[in-house]
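Asker: Quick one: this structure, given as structure tokens, is what I'll be asking you about.
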Ligand code: URA
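Residue numbers (the UniProt record's numbering): 272 to 476.
Encoded structure:
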């Protein structure tokens with residue numbers, strides 16, 4: 272059921288929604304970011320992948336998951352035969368939040384208000400794409416989708432019934448894998464991430 276504050280989906284479908292989102296001023300993040308990084312993929316994808324927010328490279332390119340985290344995702348997805356091009360890939364928050372430090376732009380976590388403001392777009396993407404499986408990568412995605420702020424580990428790695436006719440799979444965010452300092456732990460955690468994506472790949476085969 273649609274949220275009470277939600278108008279009907281835009282007439283122009285996903286393309287119309289993307290155009291609307293390009294001018295989004297629903298929170299302050301648009302002031303600093305280069306552009307809105309909207310989701311991409313087929314209008315009726317069976318699987319929707321949800322990340323946190325665009326990073327430095329995504330902000331410049333205007334596309335989700337094209338930087339280092341995106342490379343991890345692409346590599347592991349390819350390993351299990353999950354076709355990224357057949358999925359709809361998006362983020363909970365559509366503007367890059369960062370702190371300038373010299374020439375670098377350091378990623379900052381979006382806060383609950385920013386996630387809530389951006390849920391406006393995520394909800395419409397869900398309505399329009401109408402995926403049957405949503406993969407939440409990381410805590411921000413999980414919170415944006417469900418409003419729950421619990422431990423990822425409690426929900427991770429199984430396909431759960433979520434909304435009517437729609438399932439949810441929770442996994443870690445690929446940038447978590449990049450941050451792990453220990454090589455062995457990185458290998459183990461990447462294997463678990465691979466198992467999770469394999470579950471999505473095999474789902475309703
Ligand atoms: N991290 C995300 O959550 N999304 C992106 O698009 C890139 C990095």
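Positions of the beta carbon are idealized from the N, C-alpha and C atoms, including for glycine.
Computed from a predicted structure; not experimentally measured.
1. Determine the contact status of residue 310 and residue 361, defining contact as a CB-CB distance below 7 Å.
2. What separation, rounded to the nearest whole angstrom, lies between the Cα atoms of residue 436 and residue 403?
3. Going by DSSP, name the residue or residues bridged to residue 447.
4. Starting from the Cα of residue 400, find the closest Cα among 301, 414 and 315 and give me that residue.
5. Quick one: using the 10 Å Cβ neighbour count with 16 as the cut-off for buried, is residue 431 buried or exposed?
6. Under 8 Å by Cβ, that's how I've got residue 328 and residue 338 pegged, so tell me the actual separation to the nearest angstrom.
7. Please work out which residues of its chain come closer than 7 Å, Cβ to Cβ, to residue 419, disregarding the five sequence neighbours upstream and downstream, and give them in chain order.
8. Grab me the residues of residue 474's own chain with a C-beta within less than 7 Å of its C-beta, minus the 5 sequence neighbours each way, in chain order.
9. Measure the CB-CB distance between residue 381 and residue 364 and report whether it falls below 7 Å.
10. Can you tell me whether residue 432 is helix, strand or coil according to DSSP?
11. Buried or exposed for residue 396, going by 16 or more other Cβ atoms inside 10 Å?
12. How should residue 390 be labelled, buried or exposed, when 16 other C-beta atoms within 10 angstroms of its C-beta is the threshold for buried?
13. If we ignore side chains and look at the alpha-carbon of each, how far apart do residue 317 and residue 387 end up?
Answerer: According to the structure data:
1. As a working mapping, residue 310 is identified with position 39 in the chain shown. As a working mapping, residue 361 is identified with position 90 in the chain shown. Residue 310 places its beta carbon less than 7 Å from that of residue 361.
2. For this step, residue 436 is matched to residue 165 along the chain shown. For this step, residue 403 is matched to residue 132 along the chain shown. Each residue's alpha carbon lies about 6 Å from the other.
3. On the chain shown, position 176 is the one that residue 447 refers to. Answer is none; residue 447 lacks a bridge partner.
4. Translated into the one-based positions of the chain shown, residue 400 becomes position 129. Here the closest residue by C-alpha is 315.
5. Translated into the one-based positions of the chain shown, residue 431 becomes position 160. Here residue 431 is exposed: its Cβ has fewer than 16 other Cβ atoms, across all protein chains shown, within 10 Å.
6. What you label residue 328 is simply residue 57 of the chain shown in a count that begins at 1. What you label residue 338 is simply residue 67 of the chain shown in a count that begins at 1. Rounded, the Cβ-Cβ distance is 3 Å, consistent with contact.
7. What you label residue 419 is simply residue 148 of the chain shown in a count that begins at 1. 413, listed in sequence order.
8. Indexing the chain shown from 1 puts residue 474 at position 203. Counting only Cβ-Cβ distances below 7 Å, and skipping sequence neighbours, we find 404 and 430.
9. Your numbering for residue 381 matches position 110 in the chain shown. Your numbering for residue 364 matches position 93 in the chain shown. Yes.
10. On the chain shown, position 161 is the one that residue 432 refers to. Here residue 432 sits in strand by DSSP.
11. As a first step, residue 396 must be located in the chain shown, where it is residue number 125. By the Cβ neighbour-count rule, residue 396 is buried, with 16 or more other Cβ atoms within 10 Å of its own.
12. Sequence index remark: in the chain shown, residue 390 carries index 119 (1-based). With a 10 Å radius around the Cβ and a threshold of 16 neighbouring Cβ atoms, residue 390 comes out buried.
13. The residue you call residue 317 lines up with position 46 of the chain shown. The residue you call residue 387 lines up with position 116 of the chain shown. Residue 317 and residue 387: Cα-Cα distance of roughly 25 Å.
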